[in-house]
Structures are given as C-alpha cells and as structure tokens.
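Okay, structure first, notes after.
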Ligand SMILES: CC(C)(COP(=O)(O)OP(=O)(O)OC[C@H]1O[C@@H](n2cnc3c(N)ncnc32)[C@H](O)[C@@H]1OP(=O)(O)O)[C@@H](O)C(=O)NCCC(=O)NCCS
C-alpha cells in the first residue's frame, strides 16, 4: 500500500529511514506523549520495521505503523499508526512527527489520508483516538481532521508513573471529513504493503 497526498507519501519503512526514526522517537518531547521511553533503541526500530512490512490490513489488535515521507525527496518526517479493533470494523489511530517538521500541516495531511484509506479502501465503520488533555498539538490535529470529541475519562490511565485523564475522539464513515484531499492524492496497493492514541 502506498498513499500519495499533495506533499507526502505514506509508505513502508525503508532501511534508510532507521536513523531518522530512532532520532525522533528519542526526542524526549515526542516520547513524553507516546508509549515508549527516550532514548529509543535501534533494535526496537528494526523489529517494528519488520512487523510494519507485513501485508495489510493487519490482524485485529495489532498496531501497524506507516512511514510518512516528504514527496519531494522521500525524507522520513514521521509516522501514522493504526490498530484494528477485535471486530475488525474500527481502528484506533496514532501519529508522530519529528519536531523539526511540526507546524506545517504534514500531520493533518497524513492522518486525513490514512482515515480516507481506512474508510474508503478498508471499509471501516469508525476510527477513534485518545490523547492526554495536556497535549494541545494532538487535540488540534484531531479536530482539524474532523474527529469529534466524545468524552473525557478521568484518571483512567496509569501513564509514566501517574494516573492521567484520557480525551477520546472519533469519526464515523458517513460523517463529514473537512480535510478532504483533492488533486493528485492517489492510493496504490501492492501485495506487500506498507503501513501506520498513543502508539507503541
Ligand atoms: C501531534 C503532532 C503530530 C501534531 O503536529 P503538528 O505539527 O501540530 O500538526 P500539523 O503537522 O498538522 O501542523 C498543523 C500546524 O501547521 C500549520 N500549517 C502551516 N502550513 C500548513 C499547511 N500547508 N497546511 C495545513 N496546516 C499548515 C497549521 O496552521 C497548524 O499550526 P498551529 O498548530 O499553529 O495551529 C505533533 O505534535 C507530534 O508529533 N507530537 C508528539 C507525538 C504525539 O504527541 N502524538 C500524539 C499522541 S496521542
């Protein structure tokens, strides 16, 4: 699977992505909001790249990462992640960008394309995400791509040595998607696919 948006390609990870991937996962400001600790071990990245190169869509319950690369030079900017629910009809979403690439709309463009693919190609019924209410970047992002805030669970998650709240967002297939990509957005599927809360 490859998805092209005006500025990005969502694709499988390549060996050349490894150092960049390890570097942004090792950034304490990125790791703070995600399920790993900084520094991020290269060995974990190799394991994740191998798992991410398996066929799509993944087995329910399994997180899959999709590399987000700049279309002009194929530089890895970050990744999206999704995990299908046990019923196979829903998916939890996650996204991470290297700090150097924040504030340019790349995360919105990538996440919107992943959502379109999950609804229009995979045929899911619902996508959802949860985040820490203290993480304004992701809250803005989820709203920008049209996800509805569904509620706040209070002190519901034991997270990095303390109880934290969770904000939950969701979108149904038939609901409006304000961030519709137009023009040269294309999806190509191949037998060996690529792929992409708080992802592992
Ligand atoms: C969550 C995360 C991916 C959001 O990144 P982001 O850069 O804020 O989001 P986008 O890439 O969509 O960029 C949006 C910003 O770019 C601006 N922008 C600039 N050019 C743009 C363009 N061409 N198109 C759209 N937006 C553009 C927008 O106005 C917006 O700015 P604002 O935040 O000042 O309103 C990032 O903060 C991150 O990786 N954090 C660490 C990991 C994390 O917390 N993940 C979520 C865990 S649940």
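In our numbering, the protein residues as written are 1067 to 1266. Cβ atoms here follow ideal geometry from the backbone N, Cα and C, with glycine treated the same way.
Assigned secondary structure, residue i (DSSP; H/G/I helix, E/B strand, else coil)
| i | result |
| --- | --- |
| residue 1135 | strand |
| residue 1188 | coil |
| residue 1071 | coil |
| residue 1104 | coil |
| residue 1115 | helix |
| residue 1089 | helix |
| residue 1209 | helix |
| residue 1183 | helix |
| residue 1083 | helix |
| residue 1094 | helix |
| residue 1168 | coil |
| residue 1244 | coil |
| residue 1202 | helix |
| residue 1109 | helix |
| residue 1178 | helix |
Among the options, the one whose alpha carbon lies nearest that of residue i
| i | options | result |
| --- | --- | --- |
| residue 1166 | 1244, 1144, 1131 | 1144 |
| residue 1171 | 1069, 1096, 1089, 1245 | 1245 |
| residue 1140 | 1216, 1069, 1181, 1223 | 1069 |
| residue 1211 | 1118, 1124, 1241, 1103 | 1241 |
| residue 1215 | 1137, 1138, 1206 | 1206 |
| residue 1196 | 1108, 1147, 1114, 1118 | 1147 |
| residue 1084 | 1074, 1075, 1106 | 1106 |
| residue 1177 | 1234, 1226, 1243, 1115 | 1243 |
| residue 1236 | 1213, 1201, 1100 | 1213 |
| residue 1229 | 1080, 1198, 1111 | 1198 |
| residue 1115 | 1102, 1202, 1154, 1131 | 1131 |
| residue 1076 | 1128, 1127, 1137 | 1137 |
| residue 1082 | 1093, 1168, 1112 | 1112 |
| residue 1168 | 1203, 1080, 1185, 1078 | 1203 |
| residue 1080 | 1158, 1118, 1226 | 1118 |
One or two residues paired with residue i in a DSSP bridge
| i | result |
| --- | --- |
| residue 1214 | 1236 |
| residue 1162 | 1145 |
| residue 1173 | Residue 1173 pairs with nothing; no bridge assigned. |
| residue 1230 | 1223 |
| residue 1193 | 1157, 1237 |
| residue 1076 | 1069, 1134 |
| residue 1270 | With the chain covering only 1067 through 1266, there is no way to say anything about residue 1270. |
| residue 1129 | 1149 |
Contact under 8 Å by Cβ, residue i with residue j
| i | j | result |
| --- | --- | --- |
| residue 1175 | residue 1238 | no |
| residue 1088 | residue 1108 | yes |
| residue 1194 | residue 1155 | no |
| residue 1209 | residue 1233 | no |
| residue 1142 | residue 1086 | yes |
| residue 1152 | residue 1127 | yes |
| residue 1099 | residue 1091 | no |
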